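Remember, the working numbering sits 442 above the position in the sequence shown when you count from 1.
No residue lacks a Cβ here, since even glycine has one placed at the ideal position from N, Cα and C.
From a predicted model like this one, the values you see are computed outputs, not experimental measurements.
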Amino acid sequence: FTLNEIISGLWLGSRPDISAFPVLRRRKITAILTVETNPLSLCFGYYKTMFIKAKDDWTQDLLDSLNRAFNFIDQNISKGILVHCRAGISRSATIVIAYLMCRLRISYQDALNKVKQRRWVNPNPHFIKQLVVLEVAEFDTALACRLRDNKVLQKELKIFCIDEFRSFVILVRSQLQNPPNDMITN
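Given below as structure tokens:
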């Protein structure tokens, strides 16, 4: 079990087990957000917990879970919160990066760099694309979900280069805001 404080009160780490209790107490962590396929065991009943069921693969979408996660983090950051997945590298890192983007109003790259100053992370490419969509949506999760669901954008999710993908998302966003008469946007 490992954890790192990313900003005051917000910890990112791997899945804790019962041996983590002393570390969690020393760090004054009172809440745990699990972003994984299985929730924590009942022995963590002392902590305020939230579970977001998520796989670490290209089929998983985290955009729909962001507002719930952000509210839970906001409610508990002053008392110490751990956000974790199995290894603390991809799923939970994506949630923490998205949180920093939205709360600090910074780009995906700036948020990633901020997290990497404290912990080695490596969100999977599908999660990175979701974070780019969130950035282009100017941190509006509802707009990010609309962009994600756009049929034109869905066909382009295979674009690997993040800058090329960002440019395409910007184009789709402009068309959502000012659709041409002959274009179906959804």
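Exercise. How many Å lie between I544 and K490 at the Cα?
Worked result: Looking up residue 544 in the sequence shown gives position 102. Looking up residue 490 in the sequence shown gives position 48. According to the sequence shown, residue 544 is Cys rather than Ile. Cα to Cα, C544 sits roughly 23 angstroms from K490.
Exercise. Under a three-way DSSP split, which group does L454 fall into?
Worked result: Locating residue 454 in the sequence shown gives position 12, where the first residue counts as 1. Correct three-state label for L454: strand.
For this session: Can you grab the Cα-Cα spacing for the pair M625 / K593, in whole Å?
Result: Taking the sequence shown and counting its residues from 1, one reaches residue 625 at position 183. Taking the sequence shown and counting its residues from 1, one reaches residue 593 at position 151. The predicted position of M625 is uncertain, since its pLDDT is 46 and thus under 50; a value taken from the coordinates is nonetheless stated next. M625 and K593 have their C-alpha atoms spaced approximately 11 angstroms apart.
For this session: Report the rounded CA-to-CA distance for V563 versus G530, giving the unit in angstroms.
Result: As a first step, residue 563 is located in the sequence shown; it is residue number 121 there, counting from the start. As a first step, residue 530 is located in the sequence shown; it is residue number 88 there, counting from the start. Taking the CA atoms as reference points, V563 sits about 7 angstroms from G530.
Exercise. For V477, which option in L589, Q596, L508, P567 has the closest C-alpha, if you only look at C-alpha atoms?
Worked result: Taking the first residue of the sequence shown as position 1, residue 477 is located at position 35. Out of L589, Q596, L508, P567, L508 has the C-alpha closest to the C-alpha of V477.
Exercise. Using the C-alpha atoms, what's the distance from Q619 back to R590?
Worked result: As a working mapping, residue 590 is identified with position 148 in the sequence shown. As a working mapping, residue 619 is identified with position 177 in the sequence shown. Cα to Cα, R590 sits roughly 14 angstroms from Q619.
For this session: Please name the residue in I449, Q572, H526 whose C-alpha comes closest to that of W500.
Result: Here residue 500 refers to the residue found at position 58 of the sequence shown. The shortest Cα separation from W500 among I449, Q572, H526 belongs to Q572.
Problem set entry | Start and end residues, beta strand (DSSP E) containing F493 | What you label residue 493 is simply residue 51 of the sequence shown in a count that begins at 1. In the DSSP assignment, F493 falls within the unbroken beta strand (DSSP E) covering 490 to 495.
Exercise. For the putative contact between L542 and K558, defined by C-beta atoms under 8 angstroms, what is the C-beta separation to the nearest angstrom?
Worked result: Along the sequence shown, one-based indexing puts residue 542 at 100. Along the sequence shown, one-based indexing puts residue 558 at 116. Contact check for L542 and K558: beta-carbon distance about 11 angstroms, past the 8 angstroms limit, so the pair fails to qualify.
Exercise. What are the residues that DSSP puts in a beta bridge with I449?
Worked result: Here residue 449 refers to the residue found at position 7 when the sequence shown is read from its first residue. Paired residues: L452.
Exercise. When the Cα atoms are used, what is the spatial distance from D582 to L576?
Worked result: Here residue 582 refers to the residue found at position 140 when the sequence shown is read from its first residue. Here residue 576 refers to the residue found at position 134 when the sequence shown is read from its first residue. Looking at the two C-alpha atoms, the distance is approximately 7 angstroms.
Exercise. Which runs of the alpha helix (DSSP H) spanning at least 4 residues fall entirely within the region 550 to 580, listed in chain order?
Worked result: Those alpha helix (DSSP H) runs which fall completely within the region 550 to 580 and span 4+ residues are 550 to 558, 567 to 578.
Problem set entry | Alpha-carbon spacing of K495 relative to Q617, whole angstroms | Here residue 495 corresponds to residue number 53 of the sequence shown, with the count starting at 1. Here residue 617 corresponds to residue number 175 of the sequence shown, with the count starting at 1. Each residue's Cα considered, the two are about 33 angstroms apart.
For this session: Go to I548, then tell me how far its beta strand (DSSP E) extends in each direction, as first and last residue.
Result: Translated into positions along the sequence shown, residue 548 becomes position 106. Run containing I548: none; DSSP gives neither H nor E here.
For this session: Sort out for me which residues DSSP pairs E478 with in a bridge.
Result: As a working mapping, residue 478 is identified with position 36 in the sequence shown. DSSP output for E478 lists K495 as bridge partner(s).
Exercise. Helix, strand or coil: which one does DSSP assign to I523?
Worked result: Working through the sequence shown from its first residue, we reach residue 523 at position 81. It is a strand residue.
Problem set entry | Residue range of the unbroken alpha helix (DSSP H) whose run includes A584 | The residue given as residue 584 occupies position 142 in the sequence shown. Element bounds for A584: 583 to 591.
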